[in-house]
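S.K.: Numbering follows the numbering used here, in which position 335 of the sequence shown is assigned residue number 346; successive positions increment by one, without gaps. Quick reminder that beta carbons are idealized off the backbone N, C-alpha and C, glycines included. No experiment lies behind these values; they were computed from the predicted model shown. Sharing a structure with you now.
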Amino acid sequence: MNSCLRCSGQSSVFKFFCVFVLVTLILVLTGQYESVLEPPRVPQPTISVVSDQENAYVFYATDNTYACSVLVNVHILRKTHETKRRIIVLVSKDVSSKYHSSFKSLSAEVIQRKPMGLHPEANKDYKSSLLKLEAFGLPEIDPCLKRLLVVEGDQLVLKDLDHLFDLPPADIYAPKAYWARDELFSSTLMLIQPKPEIWNDIKEMVPNLQPNQLEMDVINDIFSGKAAPIPESYVVLNSHWSEWTLPSWFTPSASVTTSEVAGATPTPSAKPSNEELDELSLQAHIIHFSAEIGKPWDYDVWQVGELEFNAHQVLLLQWQEWRLLQKLGFVRPCVKEPGRVLIDLLRVTRLR
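Encoded structure:
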């Protein structure tokens, strides 16, 4: 009789196990596995931290996906670097109200604006990109604003940027676009002092843009020869870790240099070492998602590992940091990745 009970118990356990596996598979296939693992999202209280009314970070978002990436960086500035500066998010009508609420919960101000139009024959992918230029008109809305640090959303802020507001007065500070022509500067990070005459110049120039001209062309034309430089390390392309390249401005630290094989003299065409690319990531203040594979909302870390199997591990770590932070947002994740949560974590843990 005892043996019968034992067999019956084992059979029940086996049946329970089979049912559990089946239910788990169904949840994974239907994309619900993450929601089971995640705790319920409760409304978050607004963070009251702003103590400086004259200086502000400015982001812009033209759709929900881009808004999600902006939210990642607002979260970094508020929670990691604990900035007390104002944060303003310019949004188009295509950004949903749930993101408005999420930004406000991090004490970010949301201002909806209609972006100026590009040339009718311009690339449709950039049709709303001129929303960034609305930052130059913000003092018309709030005259208290004196200096604005304009940051693109398809980036990842790695270091505190508050000190840039303490730079000496200038109409604009920006890093050189080291990946382009030498005379160009990047519009992905700009410290600006908006003035009515500059805003008028921008509004006069935009209607005359050519099909191949974007907001970076407007900025470089308006401020030609006038932009004060900030180091190129403030905006670094993440394609360096995909392609195993180093920017021309990069100088390794003494510890990296002395760790190389004695007597070896690297040439400009030589493939950089692991240590040099690690050092580059430590020097970067912001990384711009420019690698050929796309943006971090396009693929999960597992897919990036498969598609970029020759990439330096820092590329995957950057990807994972963005994707983990977007899960901490106060809205549902903006990317769909059924069954990938634990796999991504295990993969990055192994890389570390």
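Report yes if the CB atom of L327 is closer than 7 Å to the CB atom of I304, and no otherwise.
M.R.: no
S.K.: Applying the criterion that 16 or more other CB atoms from any shown protein chain within 10 Å of the CB defines a buried residue, is F70 buried or exposed?
M.R.: With 16 or more Cβ atoms within 10 Å of its Cβ, F70 is classed as buried.
S.K.: With three or more C-beta pairs closer than 8 Å as the rule, is the stretch 156-174 touching the stretch 224-232?
M.R.: No, they do not touch.
S.K.: With a CB to CB cut of under 6 Å and the five nearest residues on each side skipped, what residues in its chain are close to H299?
M.R.: Q166, T199, V246, L248.
S.K.: For the candidate residues T91, S116, N75, whose alpha-carbon lies nearest to that of K104?
M.R.: N75
S.K.: Under a three-way DSSP split, which group does I152 fall into?
M.R.: helix
S.K.: What residues are listed by DSSP as bridge partners for Q123?
M.R.: V102
S.K.: Who does M201 pair with in a DSSP beta bridge?
M.R.: V161.
S.K.: Taking the alpha carbon of Q324 as the point to measure from, which residue in H296, S253, E145, I230 has its own alpha carbon closest?
M.R.: S253
S.K.: Output the distance between the C-alpha atoms of L40 and A238, rounded to the nearest integer angstrom.
M.R.: Unreliable positioning characterises L40 in this predicted model, as indicated by a pLDDT of 42, which lies under 50. A coordinate reading is not provided.
S.K.: Can you grab the Cα-Cα spacing for the pair A295 / L169, in whole Å?
M.R.: 7 Å
S.K.: Give every residue of the same chain whose Cβ lies closer than 8 Å to the Cβ of M216, excluding the five residues on either side of it in the sequence, and list them in chain order.
M.R.: Contacts found: V229, D232, I233.
S.K.: Could you say which of H251, G316, Y310, A302 lies nearest to N285 if we only look at CA atoms?
M.R.: H251
S.K.: Can you check whether the CB of I203 is closer than 7 Å to the CB of L159?
M.R.: For L159 and I203, yes; Cβs fall inside 7 Å.
S.K.: Let me make sure I understand the geometry here. Which of E290, V85, A322 has the alpha-carbon closest to that of A302?
M.R.: When only C-alpha atoms are compared, the closest one is A322.
S.K.: Between which two residues does the alpha helix (DSSP H) containing D212 stretch?
M.R.: Per DSSP, D212 belongs to the alpha helix (DSSP H) from 207-216.
S.K.: Whole angstroms is fine: what's the gap from S46's alpha carbon to D63's?
M.R.: Caution is warranted here: a pLDDT of 34 is assigned to S46, below 50, making its placement in the model unreliable, and the coordinate value is therefore given only provisionally. Those two C-alpha atoms are separated by around 38 Å.
S.K.: Would you kindly check if the distance between the Cβ of Q337 and the Cβ of V83 is under 7 Å?
M.R.: yes
S.K.: Provide the residue span of the beta strand (DSSP E) that contains V168, from first to last.
M.R.: 166-168
S.K.: Is it buried or exposed for S235, if we count other Cβ within 10 angstroms and need 16 for buried?
M.R.: exposed
S.K.: Kindly indicate which residue of K138, N134, A119 has the alpha-carbon position closest to the one of G128.
M.R.: K138
S.K.: Quick one: what's V69 bridged to in DSSP?
M.R.: I99, V161
S.K.: What span of residues does the beta strand (DSSP E) with I241 cover, start to end?
M.R.: 239-241
S.K.: Return the first residue and the last residue of the alpha helix (DSSP H) that H296 is part of.
M.R.: Going by DSSP, H296 is part of no alpha helix (DSSP H) at all; its letter is neither H nor E.
S.K.: Thinking Y189 and P258 are a contact (beta carbons under 8 Å), I'd like their distance in whole angstroms, please.
M.R.: 5 Å
S.K.: What is the DSSP secondary structure of V325, reduced to helix, strand or coil?
M.R.: helix
S.K.: Suppose contacts are defined by Cβ-Cβ distances below 7 Å. Is V100 in contact with A119 by that definition?
M.R.: Yes; because the gap between Cβ atoms is below 7 Å, this pair is in contact.
S.K.: Strictly by DSSP, which residues pair up with P186?
M.R.: Answer is I241, bridged to P186.
S.K.: I think D171 touches H92, with their Cβ atoms under 8 Å apart; what is that distance to the nearest whole Å?
M.R.: 4 Å
S.K.: Note down the Cα distance separating K306 from R334, rounded to an integer number of angstroms.
M.R.: C-alpha of K306 to C-alpha of R334: approximately 11 Å in a straight line.
S.K.: Roughly how many angstroms separate the alpha carbons of V312 and S113, rounded to a whole number?
M.R.: 25 Å
S.K.: Around the Cβ of E65, are there at least 16 other Cβ atoms within 10 angstroms (buried) or fewer (exposed)?
M.R.: exposed
S.K.: So what's F234 in DSSP terms, helix, strand or just coil?
M.R.: coil
S.K.: Roughly how many angstroms lie between the CA atoms of P240 and A191, to the nearest whole one?
M.R.: 15 Å
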